[in-house]
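Residue numbers (UniProt numbering): 1 to 667. Please read the structure below before turning to the comments.
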């Protein structure tokens, strides 16, 4: 499904065919080389058969044939060659270089992707055939499609999970015969049993994921890497159910890859981090990008001594000393999340500590709980989680009482004093204020990292870790505190509750902008009610002016919060979709999703009254955490809570028409 897109104006393609194969867990095993600016290693993906195939499998081959039909329709206008290559015969010839691409693809990817070169003669690959020729040969093999960009894929193989010691407990049949077909079925059965273990077995699950990921390969798979995706097939396998459900990919990143940035920190030391690229993590590891592909992951990352690896894992990793002075860091998550939320930062970060304050904060974290304000009503014991099963903090009595989760602060050496002066003391205040507003923290811990000066934003939130720009530090407590509150709000809106369609960014950014004012007001306990209101009105005025200026000086199509309108959330039969305007250069600098979303929420809060409105937000969090939502999920629930005499004829349709589906600012 290779479509040629202009990165300056087109949509971002989400190529993965998640309706046929859905990744449930990733195991990454990587080496980070800061000298060569390359991350190299392997990733093992554990799959379940997708919903579309399960629904239509009774129709036999038609199920997969429809996928090929759809794929070839998209490709028909682009007769470029993406060859299926047997790695064992070609790897030595190619010396791990990229696969050849045709002149048309090379031309379309020059510039940012200028590393793609036409090496057909060198690798012995002919470019005379169309990429749909897999069907012309009578080859109706199932094609697994992953999102992938700017990666050198070296080898793809099936993993022999049946070879793992003790794995027999995951097989229903006691006898394993030597018949190849039965062995393949057995491996897939083992993976199915492993990925569907109940939530209270998550430690055992991680243990077996680790050992399965280290199992030997049992056959190389055919693959081709294109501009936006990695396509994998196994000769003779025609259905997703029969396709290997544990696949290992050996690869390395490219220094110019757009998912991470290689730079130096403010002290001049080399570092690398994920900076929130428009293409997300597909240039860091092959993955399924669509939000529906919620998965867990674990990662072992090796780097030279002296470097610290921070990741969006739920554990606070301690390094293990290896030979030759290298360190190994291990992180994991047990809550399924989109692959785009995976975050890594490797550098000479220093942990910021203030001894007297640290002791006080530790006491507060473990024993003192800031109870919710009197009007808060969480009704914890009455709620049943609506998400897929995982070890959820909303069902953990101790977690439900934890106003301040454990936290750490990291920064380059030269910024440690500034962090100690402001940031360390603000974090517990902001965490406690967030808890008093929304209740249970969705994540068990928090790292805050001051990232290098080339970071293009003020902050970025990921599970268990927040990146902050150095720009917030000179602004003192207010700028630092408000930005911290904004990023903490994303733990609920953007992470624990995600948009089912990425074009609905306002669900994340509008809510975080609205909630930063609420959190910051509660964190500033020394200010009076009038002073707080004065602050909020001034910020609203400044936001209004910024939004007005942006609307006057930007394309109308970029001002729409729901650009796909009634088609929002729809996927193709294979699960592939696009993020509308996801690659538009101007969009990166626009704040319409923040500001227009904020004013919509502010308008609704004024209609309901702040107390009732915040109670509805808490209700929404309890009902939808761990799930993906569309705008109507929130609006429908909220409108149910608005008394008819206050509603003024508000409907989901009227809000769509006035706020979300049109450009400009509602009158």
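A virtual CB, placed ideally from N, CA and C, is assigned to each residue, including glycine.
Asked                                                                                                                        : Found
Nearest to residue 271 (by Cα), restricted to the options 201, 428 and 346                                                   : 346
Pair within 8 Å by beta-carbon distance, residue 479 and residue 299                                                         : no
Contacting residues, own chain, Cβ-Cβ under 8 Å from residue 546 (five flanking each side not counted)                       : 591 and 595
C-alpha distance - residue 659 paired with residue 276, whole-angstrom precision                                             : 27 Å
Residue range of the unbroken beta strand (DSSP E) whose run includes residue 304                                            : 295–304
Buried versus exposed call for residue 234 [16 or more other C-beta atoms within 10 Å across all chains shown]               : buried
Backbone secondary structure at residue 587 - three-state DSSP                                                               : helix
Local conformation of residue 651 per DSSP, three classes                                                                    : coil
Neighbourhood of residue 427 by C-beta distance below 6 Å, restricted to the same chain and skipping five residues each side : 407
Pairwise C-alpha distance: residue 425 and residue 437                                                                       : 20 Å
Local Cβ density within 10 Å of residue 285, reported as buried at 16 or more and exposed below that                         : buried
Extent of the continuous alpha helix (DSSP H) to which residue 688 belongs                                                   : The structure shown has nothing for residue 688, since the chain only spans 1 to 667.
Whole-number beta carbon distance between residue 287 and residue 146, since they are thought to touch under 8 Å             : 6 Å
For residue 27 and residue 44, believed in contact at Cβ under 8 Å, the rounded distance                                     : 4 Å
Identity of the residues DSSP links to residue 271 by a beta bridge                                                          : 263
Own chain, CB closer than 7 Å to residue 519, minus 5 neighbours either side, in chain order                                 : 430, 433, 434, 437, 485, 488 and 489
Own chain partners of residue 460 with C-beta closer than 6 Å, once the 5 adjacent residues on each side are dropped         : 276 and 467
Every unbroken beta strand (DSSP E) within the stretch 491–562, with a cutoff of 3 residues, ordered by chain                : 497–499
Same chain, Cβ closer than 6 Å to residue 47, neighbours up to 5 away in sequence not counted                                : 21, 23 and 245
Uninterrupted beta strand (DSSP E) stretches inside the stretch 150–216 (no shorter than 3 residues)                         : 151–159
Three-way DSSP call (helix, strand, coil) for residue 485 in this model                                                      : helix
Which of helix, strand or coil DSSP assigns to residue 61                                                                    : Confidence at residue 61 is low in this model, with a pLDDT of 43, below 50, so its placement is unreliable and no value can be given for it.
Residue 58 burial status per 10 Å Cβ neighbour count (16 or more: buried)                                                    : Any answer about residue 58 is weak, because its pLDDT of 47 lies below 50 and its placement is not dependable; what the coordinates show is given next. Residue 58 should be labelled exposed.
Residue nearest to residue 293 in terms of C-alpha spacing, selected from 603, 653 and 14                                    : 14
Exposure of residue 585, with buried meaning 16 or more beta-carbon neighbours within 10 Å                                   : exposed
Bounding residues of the alpha helix (DSSP H) (the contiguous stretch that carries residue 632)                              : 631–640
Contact set for residue 50: own chain, Cβ-Cβ below 8 Å, skip 5 residues either direction                                     : 17, 18, 19, 20, 21, 22, 240 and 575
At least 3 beta-carbon pairs within less than 8 Å: the stretch 325–339 vs the stretch 384–397                                : yes
Among 317, 268 and 444, the one whose alpha carbon lies nearest that of residue 415                                          : 268
Extent of the continuous alpha helix (DSSP H) to which residue 234 belongs                                                   : Taken as a continuous stretch (DSSP letters only), residue 234 belongs to no alpha helix (DSSP H), as it is neither H nor E.
Residue 665 to residue 593 span [Cα, whole Å]                                                                                : 12 Å
Through-space distance from residue 238 to residue 351, alpha-carbon basis                                                   : 52 Å
Distance between residue 504 and residue 652 (C-alpha atoms, nearest Å)                                                      : 15 Å
Endpoints, beta strand (DSSP E) assigned at residue 41                                                                       : 38–49
Exposure of residue 507, with buried meaning 16 or more beta-carbon neighbours within 10 Å                                   : buried
The stretch 216–234 contacting the stretch 195–207, beta-carbon criterion three pairs below 8 Å                              : no
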